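The block underneath contains the structure these notes are about, expressed in structure tokens.
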Amino acid sequence: MSRRITFIQAVREAFQEEMRRDGSIIILGEDVRKGVFATTSKLVDEFGPERVINTPIAESAIVGAAIGAAMTGLRPVVQIMFSDFTYMAMEMIANQAGQWHYISDGVLKTPMVIETPGGARGGAGYGHSQSVEATFIHPPGLKVVAASTPYDAKGLLKSAIRDDNPVLFFEHRRLLTQRGETPQEEYTIPLGRADIKRKGTDVTVVAYSASIPKALIAAERLSQQGIEVEVVDPRTLVPLDKETIFASLQKTYHLVVVEEGRRRGGFGAELAAIAVEEWFDYLDAPVQRLGGLDAPLPYSPVLETACLPSADDIVHAVLRSLGQEV
Amino acid sequence: MALDHDTLKDLYRKMVTVRLLEKRVEQLVMAARIPCSGHFGLGQEAVGVGVCGPLRKEDYLFGTHRGFAEYIGKGMTPAEILTEYYGKATSLSRGRLGQHLLKPEIGVMPLPSSLGSEFGMAVGAALSSKLRGSGRVTVNLFGEGTAGQSDFGPALEMASLWRLPLIFVCNNNQYVELAHYREVVATEDIAPRAGAYGVPYEIVDGNDITLVYQATERAASRARQGGGPTFLEFKTYRRCTHYTGDPGGYQPKEEIAAWAQKDPIDRCRRLMMAQGLWTAADEQAMLEAVSAEIEAAVQFAEESPYPDVSTIYEHIYA
Ligand SMILES: Cc1ncc(C[n+]2csc(CCOP(=O)(O)OP(=O)(O)O)c2C)c(N)n1
Ligand SMILES: [Mg+2]
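Just so you know, the protein sequences line up as chains V and S, in that order. Quick note on numbering: this note's numbering labels position 196 of the first sequence as 196, and the sequence is numbered without any gaps. Quick note: to get this note's numbering, add 326 to the position in the second sequence (first position is 1).
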């Protein structure tokens with residue numbers, strides 16, 4: 001049986017099911033009991049204040065506490081209220097969470113999830129709107145998830161919670177209230193497996209999170225012009241399912257990559273580098289890379305929108321890739 | 327000691343401006359005329375307004391996200407605030423800042439999106455005043471929840487070590503978003519933490535504009551005389567919800583009602599009337615003038631154009 005539930009509900013269900021299954025899972029974060037974005041709201045009623053813990057406003061220490069708890073037998077989930085604030089805990093995430101397993105030669109594990117909503121939704125301004133996922137593909141030992149649908153969110157979050165490594169789980173605020181078909185029955189989605197969101201033969205568009213709906217709109221428009229775009233959603237940036245992307249490229253020979261994070265040093269930069277290194281013979285045109293403007297995000301809605309790739313921009317990038325744009 | 331009459335009237339008018347402006351902004355947010363959410367401080371107007379009272383124009387203020395009181399207190403106008411909230415080209419930032427109000431020429435310094443990121447910056451501004459001998463005082467306002475942030479301790483340490491002209495002002499409104507502060511703050515008072523760093527502190531009724539003004543005046547004059555930092559904790563209460571998207575319901579009605587009895591604006595008005603400084607006619611005239619100023623500002627913001635999209639490429643680097 002399947003129902004249409006929101007992204008928020010899907011995430012809450014994943015928490016609920018996992019916390020019922022495993023008593024070592026705790027949730028830590030600012031206002032997680034009532035829950036400003038509601039992914040954790042009311043969990044305290046079922047699991048009690050010892051497992052759903054409101055913390056002081058101290059992102060670095062919250063993540064630090066989760067690392068310590070994870071090393072000693074708990075499986076913490078940290079909620080960082082806006083993903084922009086992961087930067088306040090950068091030391092803990094980049095230097096500590098992802099590194100101890102390796103340098104302890106496998107003795108220490110840090111099974112933890114950082115759940116964090118973010119991205120531009122209009123009206124929140126420079127420090128509550130950024131898409132910072134790509135920042136976390138650089139430090140070692142971290143996994144990075146960025147789901148685009150409620151179905152994916154639930155299945156991936158359950159896997160993230162069960163994973164023995166630190167996983168960053170990004171939620172785009174524009175997607176939080178979107179609904180999607182989600183089965184009633186238990187399921188998980190392994191980290192590191194991409195999903196084809198639309199089949200096509202002419203151009204491969206790799207996009208994730210809130211760029212997926214835009215890529216699908218662009219694909220629809222292009223289809224009316226006789227161009228069939230394949231939309232590939234990696235769903236996890238680390239580990240990256242290169243096989244699925246490569247398989248698509250072997251059909252299309254054209255690659256476009258879209259993200260809302262800033263373009264410079266972004267996910268697209270990484271993917272384009274992989275494409276050039278490993279799939280050079282399957283590129284008929286330069287990789288087209290779309291991303292946010294390399295500037296702070298201005299507040300005014302007209303300006304914010306102009307800093308981010310649109311469905312139109314994706315259409316143009318696909319046409320450029322095919323050499324059909326002057 | 328009472329405040330002089332003109333000062334009191336000025337503070338009163340500013341508090342009323344804050345209250346009416348917040349009400350108006352709330353309506354505009356709910357009507358989706360303003361794209362951001364609003365964080366209001368119903369019942370805590372005396373803190374921001376009172377703290378800015380004894381400051382000079384050139385003194386530095388690092389205010390808060392619930393900060394109409396301090397921004398109006400420091401001299402920003404409703405039109406400056408509204409055009410930012412609307413994201414219009416006529417705003418001081420040409421649509422870039424939104425809620426993060428800024429006006430360096432009157433000492434209004436950055437309001438970081440991330441709570442607590444201002445602690446270090448405020449230390450830097452005070453250090454700069456001291457090294458440049460500018461005589462300027464820096465005020466760093468923050469909530470009791472924000473005192474948990476990681477730069478709080480180091481800021482006190484540096485301010486104390488270097489005897490900086492810095493006033494830490496904790497606006498303790500008893501709520502940290504949707505939680506009562508004692509759920510996430512270990513002690514009833516924040517101020518004694520300053521004592522551990524050798525910074526003198528006072529705990530003051532934040533709903534009494536006279537006391538807020540005078541405590542800040544003492545701290546500012548200490549700072550100007552080279553006496554170093556002071557920590558002030560003002561006890562007050564947020565009678566509204568955390569922000570416009572918060573339906574509330576978690577604050578006990580009796581608690582809200584009890585604090586409504588201690589409303590800082592009512593108290594100030596009663597004081598002025600008792601001193602014979604204020605009449606019902608004065609009140610009426612002032613309300614009309616303030617409302618007219620706000621309505622003119624709303625109209626100006628409404629009619630202003632959005633910024634030109636090409637401006638997004640300007641000022642990425644200096
Ligand atoms: C680093 C960071 N974490 C979380 C938030 C989200 N947030 C906004 S206001 C707020 C509560 C602040 O409480 P307090 O310091 O008491 O100030 P008040 O809102 O009561 O004025 C929180 C957690 C933020 N803006 N920055
Ligand atoms: Mg507070």
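The beta carbon of each residue, even a glycine, is placed where N, CA and C say it ideally should be. Remember, it's a predicted structure, so these values are computed and weren't measured experimentally.
Assigned secondary structure, residue i (DSSP; H/G/I helix, E/B strand, else coil)
i               : result
T556 of chain S : strand
H172 of chain V : strand
E514 of chain S : coil
P480 of chain S : helix
L249 of chain V : helix
S95 of chain V  : Checking the sequence shown, residue 95 of chain V turns out to be Asn, not Ser. Three-state DSSP puts N95 of chain V in a helix.
I62 of chain V  : helix
C378 of chain S : helix
A70 of chain V  : helix
V107 of chain V : coil
T464 of chain S : strand
E325 of chain V : coil
I53 of chain V  : strand
G399 of chain S : helix
W238 of chain V : Sequence inspection shows Val at residue 238 of chain V; the Trp mentioned does not correspond to that position. Strand, per DSSP.
G521 of chain S : helix
Bridge partner(s) assigned by DSSP for residue i
i               : result
Q330 of chain V : Residue 330 of chain V cannot be examined here, being either before or after the span of chain V that is shown, 1 to 326.
Q79 of chain V  : V:G29 and V:E115
A146 of chain V : V:F170
D233 of chain V : V:D195
Y501 of chain S : S:H506
D634 of chain S : DSSP output for D634 of chain S lists no bridge partner at all.
D21 of chain V  : Reading off the sequence, residue 21 of chain V comes out as Arg, not Asp. DSSP, once it has assigned bridges, lists no residue as partnering R21 of chain V.
R262 of chain V : V:G292
V206 of chain V : V:V232 and V:V257
G469 of chain S : S:N497
K34 of chain V  : Per DSSP, none; premise fails for K34 of chain V.
Span of the alpha helix (DSSP H), counted from its first residue to its last, around residue i
i               : result
F85 of chain V  : Counting along the chain, F85 of chain V falls outside any alpha helix (DSSP H), and DSSP gives it neither H nor E.
P150 of chain V : P150 to R162
F47 of chain V  : L43 to F47
S2 of chain V   : Here S2 of chain V belongs to no alpha helix (DSSP H); instead the beta strand (DSSP E) covers S2 to T6.
Q625 of chain S : A606 to E629
P301 of chain V : P301 to C307
V344 of chain S : H331 to M356
Y411 of chain S : P404 to Y412
Y527 of chain S : It is not in any alpha helix (DSSP H) - Y527 of chain S instead sits in the beta strand (DSSP E) that spans Y527 to D531.
P590 of chain S : P590 to A600
K429 of chain S : Counting along the chain, K429 of chain S falls outside any alpha helix (DSSP H), and DSSP gives it neither H nor E.
G574 of chain S : Run containing G574 of chain S: none; DSSP gives neither H nor E here.
Q224 of chain V : S211 to Q224
W585 of chain S : K579 to A586
E133 of chain V : Taken as a continuous stretch (DSSP letters only), E133 of chain V belongs to no alpha helix (DSSP H), as it is neither H nor E.
V449 of chain S : E444 to R458
Residue i: contacting residues in chain V (beta-carbon distance under 7 Å)
i               : result
E509 of chain S : N54
S476 of chain S : A58, S60 and A61
G421 of chain S : P298, Y299, S300 and L303
G413 of chain S : Y299, S300 and P301
Chain V contact residues for residue i, given Cβ-Cβ distances below 9 Å
i               : result
H426 of chain S : G125, Y126, G127 and Y299
I642 of chain S : L293, D294, A295 and P296
V502 of chain S : E30, D31, N54, P56 and I57
For residue i, the first and last residue of its enclosing beta strand (DSSP E)
i               : result
I196 of chain V : D195 to R198
I493 of chain S : L492 to N498
Y386 of chain S : Y386 to F388
T201 of chain V : Premise fails: T201 of chain V is in no beta strand (DSSP E) and is neither H nor E.
T542 of chain S : Here T542 of chain S belongs to no beta strand (DSSP E); instead the alpha helix (DSSP H) covers I535 to R550.
P183 of chain V : R179 to P183
Under 8 Å from the C-beta of residue i: neighbouring residues of chain V
i               : result
T472 of chain S : I57
L537 of chain S : Chain V residues near L537 of chain S: none, gap ~27 Å exceeds 8 Å.
9 Å Cβ cut-off: residues of chain S touching residue i
i               : result
V144 of chain V : Near V144 of chain V there are no residues of chain S at all, since even the closest Cβ is about 21 Å away, more than 9 Å.
Per-residue contacts from residue i into chain S (C-beta, under 7 Å)
i               : result
G122 of chain V : P361
Partner residues on chain S for residue i, Cβ-Cβ distance less than 8 Å
i               : result
A306 of chain V : V635 and I638
* Contacting positions in the segment 612 to 640 of chain S - beta carbon closer than 8 Å to chain V -> So the close ones are Y632, P633, V635, T637, I638 and Y639.
* To do: Residues of the segment 47 to 58 of chain V with a CB closer than 7 Å to any CB of chain S: list them in chain order, please.
  => Listed in sequence order: N54, T55, P56, I57 and A58.
* Asked: Of all the residues that make up the segment 77 to 105 of chain V, which are near chain S by a beta-carbon distance shorter than 7 Å?
  -> From the segment 77 to 105 of chain V, only D84, F85 and M88 have a Cβ closer than 7 Å to chain S.
* **Cβ-based contacts, 9 Å cut-off: residues of the segment 30 to 42 of chain V near chain S** => Residues passing the 9 Å Cβ filter: E30, D31, R33, K34, G35 and V36.
* Members of the segment 434 to 446 of chain S that neighbour chain V once the beta carbon cut-off is set at 9 Å -> Within the segment 434 to 446 of chain S, the qualifying residues are P438, S439, S440, L441, G442 and S443.
* Residues from the segment 360 to 376 of chain S in contact with chain V, defined by Cβ distance under 9 Å -> Those would be I360, P361, C362 and S363, in chain order.
* Asked: What residues in the segment 381 to 407 of chain S have a beta carbon less than 9 Å from any beta carbon of chain V?
  -> Under the 9 Å Cβ criterion, the segment 381 to 407 of chain S contributes no residue.
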